[in-house]
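Have a look at the structure below before the remarks.
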Amino acid sequence: MMTEHADGGGASDADDRPDLSGPHPARIFGHLFDRHSGPLHRYLARRVGDLADDLVGETFLIAFQSRAGYDPGRGTARSWLYGIATNLLRRHVRQEVRGLRAAARAAGSAAGAEDHDNRVADQVDASARARLLADALVELEPGDRDVLLLTGWAGLDSNEVAEALGIPVGTVRSRLHRVRRRLRTHASNTEHPRSGDE
Numbered sequence: 585m586m587t588e589h590a591d592g593g594g595a596s597d598a599d600d601r602p603d604l605s606g607p608h609p610a611r612i613f614g615h616l617f618d619r620h621s622g623p624l625h626r627y628l629a630r631r632v633g634d635l636a637d638d639l640v641g642e643t644f645l646i647a648f649q650s651r652a653g654y655d656p657g658r659g660t661a662r663s664w665l666y667g668i669a670t671n672l673l674r675r676h677v678r679q680e681v682r683g684l685r686a687a688a689r690a691a692g693s694a695a696g697a698e699d700h701d702n703r704v705a706d707q708v709d710a711s712a713r714a715r716l717l718a719d720a721l722v723e724l725e726p727g728d729r730d731v732l733l734l735t736g737w738a739g740l741d742s743n744e745v746a747e748a749l750g751i752p753v754g755t756v757r758s759r760l761h762r763v764r765r766r767l768r769t770h771a772s773n774t775e776h777p778r779s780g781d782e
């Protein structure tokens with residue numbers, strides 16, 4: 585069976601459920617690194633910026649050291665790696681929050697000179713939306729933020745997020761539903777703030 589992942593690479597389930605207890609684990613990890621390090625780095629960079637390089641390396645180091653604990657029957661190597669990375673991210677929550685706030689401040693501020701007059705209003709709107717989103721992400725519980733960003737930024741489906749975080753699929757879906765509802769409410773409240781004299 586072929587599956588298409590957000591990283592653009594189609595691969596068979598067998599390819600992403602390798603036997604890491606075999607005689608050549610370094611070779612297998614080389615293939616895993618080639619296949620997953622780019623998308624994993626992009627995901628981590630969106631969350632913690634420059635720390636992504638270190639976290640990708642640390643993720644693969646931990647994965648290699650704990651390869652005996654990997655069970656292909658419980659999930660794909662992709663979800664296992666994202667689970668390790670997410671656990672590492674939890675140690676860096678403050679850096680992530682600073683990064684989200686910096687991204688919000690920088691959103692829309694890098695306008696080119698051409699068509700400047702036509703783009704100012706769009707940039708102001710985009711910058712405001714990015715700030716609101718970053719503020720909303722910062723306010724989320726870490727577990728809820730992990731579910732949302734593994735889905736939205738890493739492109740994992742609900743089953744992969746469940747495997748990565750070691751939680752039931754139903755929990756992933758309920759967290760995702762709750763987070764989306766909360767973000768919609770947050771957006772609605774910021775677009776139409778209530779006056780104090782109502």
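According to our numbering, numbering within the sequence shown proceeds without interruption in unit steps and concludes at 782.
Built from N, CA and C at the ideal position, the CB exists for glycine as well.
Once you ignore the five residues that flank residue i on each side, which residues in its own chain have a CB closer than 7 angstroms to its CB?
i      : result
Val745 : Val731, Leu734, Thr735, Val756
Val640 : Ser621, Leu624, His625, Leu628
Arg601 : Pro656, Thr660, Ala661
Val753 : Ser742, Asn743, Ala746
Ala771 : Leu716
Arg658 : Glu747
Tyr654 : Leu604, Trp664
His676 : Val632, Leu635
Measuring alpha carbon to alpha carbon, tell me which of the options ends up nearest residue i.
i      : options                        : result
Arg682 : Arg759, Asn671, Asp634, His770 : Asp634
Arg729 : Gly659, Ala636, Val632, Val763 : Val763
Gln649 : Leu604, His615, Ala636         : Leu604
Ile646 : Val677, Phe617, Arg658         : Phe617
Ser663 : Glu747, Val632, Ala636, Pro602 : Glu747
Glu687 : Gly727, Arg631, Ala610         : The amino acid occupying residue 687 in the given sequence is Ala; Glu does not appear at that position. Taking only the C-alpha atoms, the option nearest Ala687 is Arg631.
Thr769 : Asn743, Val753, Leu716, Gly750 : Leu716
Leu724 : Trp737, Leu767, Ser758         : Leu767
With the cut-off set at 8 angstroms, would you say residue i and residue j are in Cβ contact?
i      : j      : result
Arg685 : Ala718 : yes
Tyr666 : Leu740 : yes
Leu749 : Thr670 : yes
Arg651 : Pro609 : yes
Arg674 : Pro726 : yes
Cutting at 6 angstroms between CB atoms, please list the residues of its own chain near residue i, excluding the five before and the five after it.
i      : result
Gly696 : Bear in mind that the predicted position of Gly696 carries a pLDDT of just 47, short of 50, making it unreliable; the figure below should be weighed with that in mind. Within the same chain, Gly696 has no close Cβ partners at all.
Ile668 : Thr643, Ile646, Ala647
Phe613 : Phe648
Trp737 : Tyr627, Arg630
Glu698 : For Glu698, the predicted model reports a pLDDT of 48, less than 50, meaning its position is unreliable; a value from the coordinates is still stated below. Closer than 6 angstroms at Cβ, skipping near neighbours: no residue.
Counting only the same chain and skipping the five closest in sequence on each side, list residues whose C-beta sits under 8 angstroms from that of residue i.
i      : result
Asp637 : His625
Gly606 : Ile612
Val722 : Val681, Leu684, Arg685
Leu672 : Leu639, Glu642, Thr643, Ile646
Asn773 : none
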